[in-house]
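Reading through the structure tokens given below for one structure.
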Amino acid sequence: MNVRHVTPIIVFGLAACAPESRDIATLLVLNDGVQNGPLHEDGFGGDVLAPLTLQGTVVDPESREPYSGPVFSDEGNWSGSLQDGLLDGDYEIDGGMTKGSYAQGRMSGTWQAVDEDGVLRWSGAFVDGLEEGLHEWFTEAGGPAATSGSFSRGSRCGEWLQLGSPETHPPCPNGAEDGPVETYHQNGQVKWTGSYAGGAIDGVWDSYHDNGQLQHRRSYASGVREGMSETYRADGSIEERGSYAGGLRDGVWESYHDNGRLRDQLSYVNGWWNGPSERYDPDGQLVSAGVIGPDGERCGEWVVGAETVTYHPCDLPLPVAVHRERAGRRYRLNVDAMRLTRSRAAVRRAAGHPGRQGWV
């Protein structure tokens, strides 16, 4: 699995800090370090802040030794601690609105996020930096989860409730299972076929509608979505096809209208909607066409209906530097302001616009 890295040495600008706790902006991240900010799109159309991940070893700029001790960020409004240059121990964002723990630089144990009124909005567990077990997202105080389901090594598995609608994924492995697996609908028709390897979902998995028609064809590598993905309607017609790399959408994805005509042809790079984009109506007429920039926004010239609309140049240096971690989570960092942000593009994606896709 290829992971994109930035410059081997990233210097975060100087800032005054109390001696007992260091501002992260005064430290260095070495060894292909990447600072990824905490934007984490949830499953119910809002934003839940997920934790900051520092990939690399954090060192003191004077001694060049791995730093151990408490750290904070005024701009990003988070606090935690480092042990031998890695996040370790309790971690909080926005004064405890999102909190959990790290172990040797990776998320571990139970994490949760609450809103401004202290109402629980998300909770779930992590093992070695990957989602594991039940995760739940809430939209109403005291109400049932709007989205809920289980993860295995960072990939969705089993039966999910997605915004109140049922969603099916390969059955979750139980322990160190190996070999073929087959499950069935209540009417006796095959529901899922696939195999486990080393206790993880692996290889090609097929799911079927209860009428016997193929519904999903997915490919996994040690529990992570990798390679082709196809979705079919109950009548056998294609609904969507594309591919994954490292758990995130990558390359050209196509979706189709009920009549079989092309609806969307979108480009993804490491999970981001990025590159040439075309959209058609059910009659095959072009609705819009153009290029989506690395920030998830339209750029250059677009054809929208009968008009041509010009946006900012696609090669314009972006104020937001996008660093991508290929582990199913989504992060953004506003380098210019040295703060963690929710961008307008992310809000649009969370509202249902095509954007970064990984948890599908």
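Our numbering numbers the first residue of the sequence shown as 132 and each following residue consecutively.
Built from N, CA and C at the ideal position, the CB exists for glycine as well.
Here the structure is a predicted model, which means the values were calculated and not measured.
- Secondary structure note for Ser232: its beta strand (DSSP E) is the uninterrupted segment Thr229 to Ala234.
- Between the alpha carbons of Met228 and Thr188 lies a distance of about 26 Å.
- For Tyr442, there is no enclosing beta strand (DSSP E), since its DSSP letter is neither H nor E.
- Per DSSP, the unbroken beta strand (DSSP E) holding His266 starts and ends at Leu261 to Trp268.
- Under the three-state reduction of DSSP output, Asp225 falls in the helix class.
- Under the three-state reduction of DSSP output, Asn305 falls in the coil class, being neither helix nor strand.
- The three-state reading of DSSP puts Pro201 in strand, counting E and B together.
- The C-beta of Gln416 has fewer than 16 other C-beta atoms within 10 Å across all chains shown, which makes the residue exposed.
- For the 8 Å CB-CB criterion, Arg372 and Glu385 form a contact.
- Counting along the chain, the unbroken beta strand (DSSP E) around Pro407 starts and ends at Trp403 to Tyr411.
- Inter-segment contact for the region 243-255 and the region 215-223 is absent: fewer than three beta-carbon pairs are separated by less than 8 Å.
- Just so you know, the alpha carbons of Ser419 and Glu409 end up roughly 6 Å apart.
- Contact annotation: Arg429 and Gly421 have beta-carbon atoms nearer than 8 Å.
- Three or more Cβ pairs drawn from the region 299-309 and the region 327-339 lie within less than 8 Å of each other, which places the two stretches in contact.
- Here DSSP, grouped into helix, strand and coil, assigns His347 to strand.
- The beta-bridge partner set that DSSP reports for Gly220 consists of Tyr233.
- Going by beta carbons, Gly240 and Gly249 fall outside the 8 Å limit.
- As computed with DSSP, Val258 is found in a beta bridge with Leu261.
- Per DSSP, the continuous beta strand (DSSP E) segment holding Ala331 begins and ends at Ala331 to Tyr339.
- Minimum Cα-Cα distance from Gly310 among the listed residues Asp389, Ser326 and His443 corresponds to Ser326.
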